[in-house]
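Enquirer: Encoded as structure tokens, here's the structure I'll be asking about.
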Ligand SMILES: [Zn+2]
């Protein structure tokens with residue numbers, strides 16, 4: 174028997190505890206986070222890709238519950254990043270894009286009933302017009318408090334004018350002009366939202382998912398006080414892609430089944 178094998182066997186005899194799962198954190202299952210992306214929620218059947226019925230949204234929330242997928246916030250994800258890894262288990266962050274009035278009329282009460290938190294990204298210019306939520310409703314939701322003092326509804330920015338942030342770069346003659354366009358989209362929208370909500374706005378979601386991972390856009394986000402950028406890259410987050418400025422997500426569309434969530438987290442092998 175060679176020397177290395179001998180000393181390994183001796184080690185096993187002397188330190189059996191070192192080999193149990195309990196004492197070796199490297200043997201724990203790595204944790205995963207899925208960021209769910211919704212747009213408009215409707216009563217009855219969804220009529221296009223970016224609508225989801227209230228019934229299906231509720232089925233998603235029940236799926237999270239019954240599969241022990243814990244709903245967390247972007248701030249919690251920030252803590253995972255500071256610790257350097259996602260704790261064992263499965264987590265979800267619930268997000269909504271654009272600013273549909275259904276957030277107030279349908280989503281708000283459903284989330285309260287299921288005791289779940291969510292982040293809502295506002296297309297700032299449109300708030301209060303057409304079928305969009307009003308600023309008064311945003312104020313109401315963002316100040317809503319559960320027992321214990323936590324506010325479950327967070328508002329982030331989805332830019333000012335919902336422009337393509339990366340593809341529009343060619344419209345600007347100089348880098349400085351492009352940067353001031355980005356500063357307006359990210360900075361002005363943040364200022365306006367902060368006038369209507371408690372606390373800082375530090376989460377941004379890219380319109381059309383355009384510009385994920387782009388250096389200039391990330392620099393603009395940092396310059397304007399953001400800590401998180403949610404992209405539209407379809408993926409879950411694990412310890413290999415835990416980057417707060419390139420957060421992937423999973424759109425829940427009109428016909429998505431709840432077990433798609435489990436498929437992305439690796440807890441179900443197929444999905445309907
Ligand atoms: Zn959008």
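Numbering (my numbering), first residue to last: 174 to 445. Glycine included, every Cβ here is placed at the ideal spot set by N, Cα and C.
1) Could you give the distance in angstroms between the alpha-carbon of residue 214 and the alpha-carbon of residue 433?
2) Look at the alpha carbon of residue 427 and the alpha carbon of residue 273, and state the distance between them as a whole number of angstroms.
3) So residue 264 and residue 242 are in contact, right, with Cβ under 8 Å, and what is the actual spacing, rounded?
4) Once DSSP output is grouped into helix, strand and coil, what is the label at residue 301?
5) Would you call the CB atoms of residue 357 and residue 333 closer than 8 Å?
6) Residue 219 by DSSP, collapsed to three states: which one?
7) For residue 390, report the span of its alpha helix (DSSP H) as first-last.
8) If you measure from each CB to the nearest heavy atom of ligand 1 and keep those under 6 Å, what residues do you get, in chain order?
9) Would residue 305 and residue 269 qualify as a contact pair, given that the criterion is a beta-carbon distance under 8 Å?
10) To the nearest whole angstrom, what separates the beta carbons of residue 404 and residue 422, a pair I think is in contact under 8 Å?
11) Judging by CA-CA distance, which residue of 387, 345, 329 and 371 is the nearest neighbour of residue 361?
Expert: Checking against the coordinates, here is how it stands:
1) 18 Å
2) 15 Å
3) 7 Å
4) coil
5) yes
6) coil
7) 388–396
8) 270, 271, 331, 335 and 380
9) no
10) 7 Å
11) 329
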